[in-house]
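What follows is a set of notes on a single structure, which appears directly below.
Numbering (my numbering), first residue to last: 2 to 115.
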C-alpha cells in the first residue's frame, strides 16, 4: 500500500488491515508512507502488528543510502531530460529570487540566470 496522505486516513486504512480470528492468511503487507497531506501523525494498532505480517516503512531522503541515491541520479536525470519523468516547476529569474522564496505552488520554484 502506498500512502501519500497519512493522518486519520492512514488510521482508517490500517484498521481495515487487521485480521479478525485465526484464519490462515499468507499475504504479506508492505505499507509505504510517502506523504503527509492529511496529517503528520497516525496511530497503528498493536493488534494489527500482532495479527498480520506487515512491514511499515517510509519513502524519502532517509529511506535509502546516500551512495545508492547518488548512483541512481544519472538515470533519473536522463528521464527528466528526455521528458519521460515530468517534474513540474516555475522558473524565476535571479532578479526575482524573492518571489521564488515566497513560491507556494505545488510545483518547484527554480531560480535561473537573468
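All residues carry an ideal CB built from backbone N, CA and C; glycine is no exception.
Nonlocal neighbours in the same chain, by C-beta distance under 7 angstroms from residue i, ignoring five residues either side
{"i": "residue 112", "result": "93, 95, 98, 101"}
{"i": "residue 35", "result": "3, 4, 5, 60"}
{"i": "residue 48", "result": "19"}
Reduced DSSP category for residue i - H, G, I as helix; E, B as strand; rest coil
{"i": "residue 95", "result": "helix"}
{"i": "residue 111", "result": "strand"}
Rounded distance between the beta-carbons of residue j and residue i, thought under 8 angstroms
{"i": "residue 43", "j": "residue 16", "result": "Going by Cβ atoms, the distance from residue 43 to residue 16 rounds to 10 angstroms, so no, they are not a contact pair."}
{"i": "residue 29", "j": "residue 54", "result": "5 angstroms"}
{"i": "residue 63", "j": "residue 40", "result": "Actually they do not touch by this definition, with Cβ atoms about 20 angstroms apart."}
{"i": "residue 80", "j": "residue 74", "result": "Contact doesn't hold; Cβ gap of about 11 angstroms is too wide."}
N- and C-terminal bounds of the beta strand (DSSP E) containing residue i
{"i": "residue 53", "result": "Premise fails: residue 53 is in no beta strand (DSSP E) and is neither H nor E."}
N- and C-terminal bounds of the alpha helix (DSSP H) containing residue i
{"i": "residue 77", "result": "67-82"}
{"i": "residue 33", "result": "It is not in any alpha helix (DSSP H) - residue 33 instead sits in the beta strand (DSSP E) that spans 30-34."}
{"i": "residue 39", "result": "Careful: residue 39 lies outside any alpha helix (DSSP H) and carries neither H nor E."}
{"i": "residue 85", "result": "Taken as a continuous stretch (DSSP letters only), residue 85 belongs to no alpha helix (DSSP H), as it is neither H nor E."}
{"i": "residue 8", "result": "8-18"}
Closest by C-alpha distance to residue i, when choosing among the options
{"i": "residue 91", "options": "108, 29, 84", "result": "108"}
{"i": "residue 31", "options": "58, 19, 51", "result": "58"}
{"i": "residue 13", "options": "81, 46, 73", "result": "46"}
Own chain, CB closer than 6 angstroms to residue i, minus 5 neighbours either side, in chain order
{"i": "residue 115", "result": "94, 95, 96"}
Own chain residues within Cβ distance below 8 angstroms of residue i, not counting five before or after
{"i": "residue 89", "result": "107, 108, 109"}
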